[in-house]
Amino acid sequence: MAMLEVKKLNAWYGASHVLHGVSFSVEPSEIVALVGRNGAGKTTTIRTVMGLMQRASGDVAFDGREIMPLAAHERFRIGLAYVPEERRIVPGLTVRENLKLGLLASDRDINERAAIDEIAEIFPRLKERLDQQGSTMSGGEQQMLAIARAMIAKPKMILLDEPSEGIMPVLVEEMGVLFRRLRDSGVTLLLVEQNVEWALRLASRAIIIDQGEIVYESSSAALLADKDIQDRYCAV
Ligand code: ATP
Numbered sequence: 001m002a003m004l005e006v007k008k009l010n011a012w013y014g015a016s017h018v019l020h021g022v023s024f025s026v027e028p029s030e031i032v033a034l035v036g037r038n039g040a041g042k043t044t045t046i047r048t049v050m051g052l053m054q055r056a057s058g059d060v061a062f063d064g065r066e067i068m069p070l071a072a073h074e075r076f077r078i079g080l081a082y083v084p085e086e087r088r089i090v091p092g093l094t095v096r097e098n099l100k101l102g103l104l105a106s107d108r109d110i111n112e113r114a115a116i117d118e119i120a121e122i123f124p125r126l127k128e129r130l131d132q133q134g135s136t137m138s139g140g141e142q143q144m145l146a147i148a149r150a151m152i153a154k155p156k157m158i159l160l161d162e163p164s165e166g167i168m169p170v171l172v173e174e175m176g177v178l179f180r181r182l183r184d185s186g187v188t189l190l191l192v193e194q195n196v197e198w199a200l201r202l203a204s205r206a207i208i209i210d211q212g213e214i215v216y217e218s219s220s221a222a223l224l225a226d227k228d229i230q231d232r233y234c235a236v
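Following full-length UniProt numbering, the numbering of the sequence shown begins with 1 at its first residue and continues without gaps.
1. Can you name the start and end residues of the beta strand (DSSP E) that residue 208 belongs to?
2. Is the closest heavy atom of the ligand ATP to the C-beta of residue 13 under 6 Å?
3. Distance check for residue 27 and residue 70, CA to CA, integer angstroms please.
4. For a test of your reading of the model: does the CB of residue 102 fall under 6 Å from any non-hydrogen atom of the ligand ATP? Yes or no.
5. Going by other Cβ atoms of all chains shown within 10 Å of its Cβ, with 16 needed for buried, is residue 161 buried or exposed?
6. What do you reckon, is the C-beta of residue 188 under 6 Å from a heavy atom of the ligand ATP?
7. Report yes if the C-beta of residue 38 is less than 6 Å from at least one heavy atom of the ligand COA; otherwise report no.
8. Please specify which runs of the beta strand (DSSP E), each continuous and at least 3 residues long, are wholly inside the segment 143-214, giving them in chain order.
9. Could you tell me the alpha carbon to alpha carbon distance between residue 235 and residue 114, rounded to whole angstroms?
10. Rounded to the nearest angstrom, how far is the Cβ of residue 60 from that of residue 45, given a contact under 8 Å?
11. Our contact map puts residue 48 next to residue 15 with C-beta atoms below 8 Å; I'd like the distance itself, whole angstroms only.
12. Roughly how many whole angstroms lie between the Cα atoms of residue 194 and residue 109?
13. Would residue 163 be called buried (16 or more neighbouring beta carbons within 10 Å of its own) or exposed?
14. DSSP three-state label for residue 130, please.
15. Between the segment 113-129 and the segment 148-156, do three or more beta carbon pairs fall short of 8 Å?
16. Please identify the residue among 126, 218 and 41 whose C-alpha is closest to the C-alpha of residue 98.
17. Applying the 10 Å Cβ sphere with the 16-neighbour rule, what's the burial state of residue 181?
18. Identify the continuous alpha helix (DSSP H) that holds residue 89 and give its terminal residues.
19. How long is the line joining the alpha carbons of residue 50 and residue 189, rounded to whole angstroms?
20. So what does residue 225 bridge to, in DSSP terms?
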């Protein structure tokens, strides 16, 4: 059974119809890259899956359960997490306090101290900065914090919107190692990326969206090798 099965999604901003029958699926413990040029509909797709669009139709099954009737916070509670492009950490709070927010949003009975210790082991950069204010962290560190906060309640799947954007290369590589480790521990990832090469090296499969429609699906290796398709659909 797929971890995420999306069927015939349509979505609108006001009267503007931006997703036109988007269907795809993601298997458990898989990393899938959703790519496409600016404005193609990537963010809208994951916002629809997360339940954040005011007007949308279609079916989304998550871990065997139909979730379109659920609000975003209910989707989060059943194990679907989302890291938006504009990393929304709380700048006036410390790293530790930001991490606690990720636990508050969950209704799972998780030991706070143990969860923070565990996440600090996974993110050594955060471990050194637990009592530092969010606002004093670099953009890349804030992104790591946003990811850590999404992970702390142990979701089954994480939707990530351009996690590598504006981050220095060394941190991007670190993030790649982390995503592989997450996948190996059983977490499923859907990765929206402009950094196509990086995303394809991480993912096993690639899906291309263009003008609100899925136009291509293949193994990442096949898309990596196909410069024509990349130029046609992935150029910024
Ligand atoms: P980008 O990488 O530039 O964010 P994207 O593939 O994520 O691109 P979306 O953000 O999903 O694309 O946008 C899809 C379409 O919806 C675009 O035509 C965009 O202009 C439009 N759109 C996005 N957000 C809004 C909004 N809040 N109101 C109206 N139209 C929007």
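In this text, a Cβ means the ideal position worked out from N, Cα and C, and glycines have one as well. Just so it is clear, the structure is predicted and the values come from calculations on it, not from any experiment.
According to the data block:
1. Along the sequence shown, read from residue 1 onward, the residue named residue 208 stands at position 208. Counting along the chain, the beta strand (DSSP E) containing residue 208 begins and ends at 205-210.
2. For the purposes of this step, residue 13 is taken as residue 13 along the sequence shown, with counting starting at 1. Correct: residue 13 has its Cβ closer than 6 Å to the ligand ATP.
3. Within the sequence shown, numbered from 1, the residue matching residue 70 stands at position 70. Within the sequence shown, numbered from 1, the residue matching residue 27 stands at position 27. Approximately 21 Å, taken between the alpha carbons.
4. Numbered from its first residue, the sequence shown carries residue 102 at position 102. No.
5. Within the sequence shown, numbered from 1, the residue matching residue 161 stands at position 161. Buried, since its Cβ has 16 or more Cβ neighbours within 10 Å.
6. In the sequence shown, the residue the question calls residue 188 occupies position 188. Outside the cutoff, so no.
7. Of the ligands this structure carries, namely the ligand ATP, none is the ligand COA.
8. 157-161, 188-192 and 205-210
9. Residue 235 sits at position 235 when you count from the first residue of the sequence shown. Residue 114 sits at position 114 when you count from the first residue of the sequence shown. Straight-line Cα distance between these residues: approximately 44 Å.
10. Your numbering for residue 60 matches position 60 in the sequence shown. Your numbering for residue 45 matches position 45 in the sequence shown. Not quite, the Cβ-Cβ distance comes to about 10 Å (not below 8 Å), so this is no contact.
11. In the sequence shown, counting from the first residue as 1, residue 48 sits at position 48. In the sequence shown, counting from the first residue as 1, residue 15 sits at position 15. About 17 Å; that fails the 8 Å criterion.
12. For the purposes of this step, residue 194 is taken as residue 194 along the sequence shown, with counting starting at 1. For the purposes of this step, residue 109 is taken as residue 109 along the sequence shown, with counting starting at 1. For residue 194 and residue 109, the distance between alpha carbons rounds to 37 Å.
13. Walking along the sequence shown from the start, residue 163 turns up at place 163. Buried.
14. Here residue 130 corresponds to residue number 130 of the sequence shown, with the count starting at 1. Residue state, collapsed to three classes: coil.
15. yes
16. The residue labelled residue 98 in the question sits at position 98 within the sequence shown. The shortest Cα separation from residue 98 among 126, 218 and 41 belongs to 126.
17. Mapped onto the sequence shown, residue 181 falls at position 181. Residue 181 is exposed by the Cβ-count criterion.
18. Translated into the one-based positions of the sequence shown, residue 89 becomes position 89. Careful: residue 89 lies outside any alpha helix (DSSP H) and carries neither H nor E.
19. Residue numbering aside, residue 50 sits at position 50 when the sequence shown is read from its first letter. Residue numbering aside, residue 189 sits at position 189 when the sequence shown is read from its first letter. In a straight line, the C-alpha of residue 50 is about 13 Å away from that of residue 189.
20. Taking the first residue of the sequence shown as 1, we reach residue 225 at position 225. Residue 225 pairs with nothing; no bridge assigned.
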